[in-house]
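Order-wise, the sequence lines are chains A and B.
Numbered according to this note's numbering, the first sequence terminates at residue 314, and the numbering increases by one at each position without gaps.
Numbered according to this note's numbering, the second sequence terminates at residue 1199, and the numbering increases by one at each position without gaps.
Heads up, the beta-carbon is just placed ideally off N, CA and C, and yes, glycines get one too.
This report refers to the structure that appears directly beneath it.
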Amino acid sequence: MKRTFVIIPIFLLLIISVVFFGCSQSTTTPEQTTPEAVNQPEEINQPDKSADTKNQNQSSDKQEDQKPAKGLSTENNNATEDEEGASEEGDEDAEEEDDFGEFEDEYEEMSDKEVFDPLSGYNRAMTTFNDKMYFWVLKPVASGYKWVVPQAPRLGIRRFFTNLFYPVRFVNNVLQLKFKNAGEETLRFMTNSTIGILGFWDPAKAWFGLEAHPEDFGQTLGYYGVGAGPHIVLPVLGPSNLRDTLALAPDTLYLEPYAYVDDYKLRYGTWAFEKVNSTSLRIGEYESIKKDAVDFYIFMRDGYEKIRENDIKE
Amino acid sequence: MRTLFVVMAFLLMFGQTAVANDLTDVENLVKEKIGIVVNLLRDKNIDQVTKNRKIVDSLKPVLDFQKMAKLSLGRRYWPKLSKSKKKEFSNLFIDRMQESFLEKLGLYTDEEIVFDKATRKKKKIYVMANLVGKDSKIQMLFKFYKSKKGWKAYDVEIMKISIVQTYRSQFHGVLKKGNIDDLLAKMRKTGQFKLKTEK
Chain A
1 MKRTFVIIPI
11 FLLLIISVVF
21 FGCSQSTTTP
31 EQTTPEAVNQ
41 PEEINQPDKS
51 ADTKNQNQSS
61 DKQEDQKPAK
71 GLSTENNNAT
81 EDEEGASEEG
91 DEDAEEEDDF
101 GEFEDEYEEM
111 SDKEVFDPLS
121 GYNRAMTTFN
131 DKMYFWVLKP
141 VASGYKWVVP
151 QAPRLGIRRF
161 FTNLFYPVRF
171 VNNVLQLKFK
181 NAGEETLRFM
191 TNSTIGILGF
201 WDPAKAWFGL
211 EAHPEDFGQT
221 LGYYGVGAGP
231 HIVLPVLGPS
241 NLRDTLALAP
251 DTLYLEPYAY
261 VDDYKLRYGT
271 WAFEKVNSTS
281 LRIGEYESIK
291 KDAVDFYIFM
301 RDGYEKIREN
311 DIKE
Chain B
1001 MRTLFVVMAF
1011 LLMFGQTAVA
1021 NDLTDVENLV
1031 KEKIGIVVNL
1041 LRDKNIDQVT
1051 KNRKIVDSLK
1061 PVLDFQKMAK
1071 LSLGRRYWPK
1081 LSKSKKKEFS
1091 NLFIDRMQES
1101 FLEKLGLYTD
1111 EEIVFDKATR
1121 KKKKIYVMAN
1131 LVGKDSKIQM
1141 LFKFYKSKKG
1151 WKAYDVEIMK
1161 ISIVQTYRSQ
1171 FHGVLKKGNI
1181 DDLLAKMRKT
1191 GQFKLKTEK
């Protein structure tokens, strides 16, 4: 009996504090309050009932004392649902296993099933080759170029090339039935080629807020449900997969500006120049991500596939 | 009965505003921390070592590297490690993360940082920061959970790629074929960072 006298004031205090806080805090929508409020009274009735029964049979004190206590604790649960979930997590080594519960399902399962990567041997070798190409050829050239040419013209040149790639983006937007984006691309191309002086500037975005919508044929195939297929690292071009490699053909043969340069020296010359120019603007990025990797090939492979997956979903 | 009804309604209100406050709290936390870091990065009067140390000090309370270390090995591998291995792995991982963060921050120039509204996902809170540069936009998503010491980030996604997930696949790749010692050796070898932070 004595214990109930302690519990009742605590219960009252709790209600008062809750009411007080409730008043000091701001509003809620009525729709959300009603369904829960209907549910709650059942639980709340419990302590009431047990209090009633207590008056009737005082013999079994112990059992009944537990009941109101239970009622109280369920109340507490309702009020602090959120804090509870968080405090489940141990900070250090304790409760290791439980600790993963609410996080693990966010990540891919670490299963024994092998990732489908039949070309991994070749791919690893080609990753090393490309790495050497970068450090021995591309990076030195791009660094020298960066040293000679200030950043502003290099940015302009990058925009010029991006503008020329408009057909790739336009056609693939249309193929994916993204007509609004295709229209925006067209407006961008018209604006930037004229006011933007051959695309060296980007007034379409700066003044009119027109955004670019990069799409390529690999993404178009992905859009129609074509799977990525095995991962393939291409010489010089870097990570790719079967779908994207095959999809290079329509883009490069018909849509990219290089396709319309007849002189092959000039064609590959401009291609290389564009590569050097864009690399000069991102020196340090490759080095930095390479350092982050524990297994560089897996890092690049998963990174590429994930980025493509995201691009296709967009 | 009626009073109980009213009480429950208030209870619910209280619960919900607490949630809304969490969202703004976390959002403000990220904004505040990023503000501090950006100011430090722009400050040309302090030397690199002090700068790095100050950045790490300001980020430590919100970036839970220990949790990231654990999650990157996952339920499958972490619990099986001995206590000393756990410690060694965590130290290597945390060093790597810190220095990798510092290095990435070094690439920051003058991008404007735009925040999206914080969103709630189950018990977690996500805050998206957009780094808008000359002609690029980088999205960074900070994922928070509520630890005993307040809200902390357990993962960061850059352009939708989760750092924890990338490490998970790599560690899984190594551990499937080898054991933890192979992984630790690999981490010691690849973790040759130049940036030092005075320990």
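Item	Value
Rounded separation between Y1077 (chain B) and D112 (chain A) - CA only	13 Å
Alpha-carbon spacing of A1185 (chain B) relative to G1106 (chain B), whole angstroms	27 Å
Against chain A: residues of the segment 1094-1108 of chain B by CB proximity under 7 Å	S1100, E1103, K1104 and L1107
Terminal residues of the alpha helix (DSSP H) in which E1157 (chain B) lies	From DSSP, E1157 (chain B) is part of no alpha helix (DSSP H) but of the beta strand (DSSP E) over G1150 to I1158.
Simplified DSSP assignment, three categories, for K139 (chain A)	helix
Within chain A, the residues that R1188 (chain B) reaches when beta carbons sit closer than 9 Å	By Cβ distance, chain A contributes nothing, its closest Cβ being about 11 Å from R1188 (chain B), past 9 Å.
Same chain, Cβ closer than 8 Å to S280 (chain A), neighbours up to 5 away in sequence not counted	A142, S143, Y145, K146, V149 and R154
Interface flag, F1065 (chain B) vs chain A, CB-CB below 8 Å	no
Anticipated Cβ contact below 8 Å, S1169 (chain B) with I298 (chain A), distance rounded	6 Å
Three-state secondary structure (DSSP) of Y107 (chain A)	coil
Partners in chain B for G402 (chain A), counting only beta-carbon separations shorter than 7 Å	The structure shown does not extend to residue 402 (chain A), since chain A spans only 1 to 314, so no value can be given for it.
Complete beta strand (DSSP E) runs within the segment 270-296 of chain A (minimum length 3 residues, chain order)	none
Range covered by the beta strand (DSSP E) that runs through Q176 (chain A)	Per DSSP, Q176 (chain A) belongs to no beta strand (DSSP E) and is neither H nor E.
Selected residue, minimal CA-CA separation from V1132 (chain B), among B:K1070, B:D1057, B:I1113 and B:K1031	B:I1113
Short CB-CB distance (under 8 Å) between Y223 (chain A) and chain B	no
Contact belief for F1065 (chain B) with Q1098 (chain B) at Cβ below 8 Å, rounded distance in angstroms	7 Å
Close beta carbons around K1067 (chain B), own chain, < 6 Å, minus the five adjacent residues each side	Y1154
Listed by chain order, chain A residues near R1002 (chain B) by CB distance under 9 Å	Correct list: empty, because the minimum Cβ distance to chain A is about 10 Å.
Chain-order list of residues whose beta-carbon lies under 6 Å from that of A326 (chain A) (same chain, five-residue window excluded)	Residue 326 (chain A) lies beyond the residue range present for chain A, which begins at 1 and ends at 314; the question has no answer from this structure.
Cα-Cα separation, D295 (chain A) to Y286 (chain A)	14 Å
For T1119 (chain B), three-class secondary structure by DSSP	strand
Cβ neighbours of D1110 (chain B) in the same chain (closer than 8 Å, five flanking residues each side left out)	G1133
CA nearest to the CA of K1146 (chain B), picked from B:K1123, B:Q1139, B:K1051 and B:D1095	B:K1123
Neighbour-count burial assignment, N310 (chain A), 16 or more Cβ in a 10 Å radius	exposed
Interface flag, G238 (chain A) vs chain B, CB-CB below 8 Å	no
C-beta atoms of E184 (chain A) and H213 (chain A) nearer than 8 Å	yes
Beta-ladder partner(s) of N1130 (chain B), from DSSP	B:V1114 and B:Q1139
Contacts around K1086 (chain B), its chain only, beta-carbon distance under 8 Å, and the 5 residues preceding and following it disregarded	W1078
Whether D202 (chain A) touches V168 (chain A) by CB criterion (8 Å)	no
Cβ of K1031 (chain B) within 8 Å of any chain A Cβ	no
With 16 other Cβ atoms within 10 Å as the buried cut-off, status of E109 (chain A)	exposed
Closest Cα partner of F160 (chain A) within the set A:M300, A:P250, A:I195 and A:P140	A:I195
Beta-carbon proximity of N123 (chain A) to I232 (chain A), cut-off 8 Å	yes
8 Å Cβ cutoff, A293 (chain A) in contact with chain B	yes
Enclosing alpha helix (DSSP H) for I1046 (chain B) [first to last residue]	I1046 (chain B) -> no alpha helix (DSSP H), and no H or E assigned at all.
Proximity winner among A:L177, A:G222, A:F208 and A:M300, relative to L187 (chain A) (alpha-carbon distances)	A:F208
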